[in-house]
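Trainee:
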Amino acid sequence: GAGVSQSPSNKVTEKGKDVELRCDPISGHTALYWYRQSLGQGLEFLIYFQGNSAPDKSGLPSDRFSAERTGGSVSTLTIQRTQQEDSAVYLCASSSRFRGHNEQFFGPGTRLTVL
Amino acid sequence: GENVEQHPSTLSVQEGDSAVIKCTYSDSASNYFPWYKQELGKRPQLIIDIRSNVGEKKDQRIAVTLNKTAKHFSLHITETQPEDSAVYFCAASGDSNYQLIWGAGTKLIIKP
Chain A
21 GAGVSQSPSN KVTEKGKDVE LRCDPISGHT ALYWYRQSLG QGLEFLIYFQ GNSAPDKSGL
81 PSDRFSAERT GGSVSTLTIQ RTQQEDSAVY LCASSSRFRG HNEQFFGPGT RLTVL
Chain B
173 GENVEQHPST LSVQEGDSAV IKCTYSDSAS NYFPWYKQEL GKRPQLIIDI RSNVGEKKDQ
233 RIAVTLNKTA KHFSLHITET QPEDSAVYFC AASGDSNYQL IWGAGTKLII KP
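Taken in sequence, the protein lines are chains A and B.
Residue numbering for the first sequence follows the working numbering, starting at 21 and increasing by one per position.
Residue numbering for the second sequence follows the working numbering, starting at 173 and increasing by one per position.
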């Protein structure tokens, strides 16, 4: 079946503009994660959705970042008033249950460049 | 909360030799330890994982060992090949929060 998909694959924007990044998880996966990965760096946790529970937003770096997950499926990460330091690859991952230890399946990422 | 440290940050080995990457964790309640491989320009993918009820797990050329007392776990790759070149991430999680806490990653370079 289809894996995790993300769109757009690349996004170039000007400083101060808002951007929306989309993630389509694997069908039936109840857990969804957003990570940020700067060039040559590790995985920085941003936010975690688990079923119908309140999301864990503890990794969001500032109030310019927000995310929502509609209908327990598609998720959108929004960055308002983008800054150059927001430039990175944004990765989405999903897993099959929010309880228990399950493999996280990653999407291809969205490469964001803020000029 | 949990903290995972990973060493070394870069590892260069001759093709055919073995490579070992080590991680330590802080929360004794952690009981799940996966390893992910990220090739250049690609997404991370799970290559092997271990749960705290076992001390070692093997899958062909890769193996993971876990020392719960010392709170560390290691990835072992034998007979390294060029396609093993990648960044490897360790992670840990527990039953109180299934969210993975990630190590900083190790860049493995296989020299021909």
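Glycine residues also receive a C-beta, built at the ideal position from the N, C-alpha and C atoms.
Between the alpha carbons of V276/B and P180/B, how many angstroms are there, rounded?
Mentor: Looking up residue 276/B in the second sequence gives position 104. Looking up residue 180/B in the second sequence gives position 8. Going by the sequence as given, residue 276/B is Ala instead of Val. Going by the C-alpha atoms only, they are around 10 Å apart.
Trainee: Under 8 Å between C-beta atoms, does P128/A make it to chain B?
Mentor: Locating residue 128/A in the first sequence gives position 108, where the first residue counts as 1. Judged by the 8 Å Cβ criterion, P128/A is in contact with chain B.
Trainee: Against D76/A, what residues of chain B qualify as contacts under a CB-to-CB distance less than 9 Å, listed in chain order?
Mentor: Taking the first sequence and counting its residues from 1, one reaches residue 76/A at position 56. The answer, in chain order, is N269, Q271.
Trainee: Use the C-beta contact count for S29/A: other C-beta atoms within 10 angstroms, 16 or more gives buried, fewer gives exposed.
Mentor: As a working mapping, residue 29/A is identified with position 9 in the first sequence. Exposed, because fewer than 16 other Cβ atoms sit within 10 Å of the Cβ of S29/A.
Trainee: Could you check what DSSP says for D83/A in three-state terms: helix, strand or coil?
Mentor: Counting from 1 along the first sequence, the entry for residue 83/A is found at position 63. Note: D83/A maps to coil in three-state DSSP.
Trainee: By alpha-carbon positions, which one of L63/A, E64/A, R84/A, R89/A ends up nearest to Q70/A?
Mentor: Counting from 1 along the first sequence, the entry for residue 70/A is found at position 50. For Q70/A, the nearest C-alpha among the options comes from R89/A.
Trainee: Closer than 7 Å by beta-carbon distance: list the chain B residues that pair up with Y68/A, in chain order.
Mentor: The count along the first sequence starts at 1 and reaches residue 68/A at position 48. The contacting residues are Q271.
Trainee: Name the chain A residues whose beta carbon is nearer than 7 Å to that of G277/B?
Mentor: Residue numbering aside, residue 277/B sits at position 105 when the second sequence is read from its first letter. The contacting residues are G62.
Trainee: In terms of alpha-carbon separation, which member of F126/A, G91/A, L52/A, D106/A lies closest to D83/A?
Mentor: Translated into positions along the first sequence, residue 83/A becomes position 63. Nearest option by C-alpha distance: D106/A.
Trainee: Can you name the residues of chain A whose CB is closer than 7 Å to the CB of Y260/B?
Mentor: Counting from 1 along the second sequence, the entry for residue 260/B is found at position 88. None at all; the shortest Cβ gap to chain A is about 11 Å.
Trainee: Kindly indicate the opening and closing residues of the beta strand (DSSP E) around I46/A.
Mentor: The sequence position of residue 46/A within the first sequence is 26, counting from 1. Careful: I46/A lies outside any beta strand (DSSP E) and carries neither H nor E.
Trainee: Chain A beta carbons: is any one of them nearer than 8 Å to that of L218/B?
Mentor: Within the second sequence, residue 218/B is the residue found at index 46, counting from 1. Judged by the 8 Å Cβ criterion, L218/B is in contact with chain A.
Trainee: Between S265/B and chain A, is the shortest Cβ-Cβ distance under 8 Å, so that the two count as touching?
Mentor: Here residue 265/B corresponds to residue number 93 of the second sequence, with the count starting at 1. At least one chain A Cβ lies under 8 Å of S265/B.
Trainee: Quick check on the burial criterion: 16 or more other C-beta atoms within 10 angstroms. Buried or exposed for Q232/B?
Mentor: Looking up residue 232/B in the second sequence gives position 60. Under this definition Q232/B is an exposed residue.
Trainee: What number of angstroms, rounded off, separates the C-alpha of E18/A from the C-alpha of G48/A?
Mentor: No information on residue 18/A is available, as it lies outside the stretch 21 to 135 that chain A covers here.
Trainee: Rounded to whole angstroms, how far is the Cβ of Q253/B from the Cβ of I220/B, which I believe are closer than 8 Å?
Mentor: Start at 1 with the first residue of the second sequence, and residue 253/B comes out as number 81. Start at 1 with the first residue of the second sequence, and residue 220/B comes out as number 48. Not a contact, Cβ separation roughly 16 Å.
Trainee: By Cβ distance below 7 Å, which residues in the same chain neighbour S184/B in space, the five residues on each side in sequence not counted?
Mentor: Position 12 of the second sequence, counted from the first residue, corresponds to residue 184/B. Around S184/B: I281, K283.
Trainee: Could you list the residues in the segment 197-208 of chain B with a C-beta less than 7 Å from some C-beta on chain A, going in chain order?
Mentor: Those would be Y204, in chain order.
Trainee: Once you ignore the five residues that flank W274/B on each side, which residues in its own chain have a CB closer than 6 Å to its CB?
Mentor: On the second sequence, residue 274/B is found 102 positions in, with the first residue counted as 1. Contacts found: F261, A263.
Trainee: Cα-Cα, which of V259/B, L238/B, V192/B is closest to E251/B?
Mentor: For the purposes of this step, residue 251/B is taken as the residue at position 79 of the second sequence. The option with the nearest alpha carbon to E251/B is V192/B.
Trainee: Does the CB of R215/B have a neighbour CB from chain A at under 8 Å?
Mentor: Position 43 of the second sequence holds residue 215/B. Yes, its Cβ sits closer than 8 Å to a Cβ of chain A.
Trainee: Which residue or residues does DSSP assign as beta-bridge partners of N248/B?
Mentor: As a position in the second sequence, residue 248/B is number 76, starting the count at 1. The residue you asked about is not Asn; residue 248/B is His in the sequence shown. Looking at the DSSP assignment, H248/B forms a beta bridge with V192/B, A235/B.
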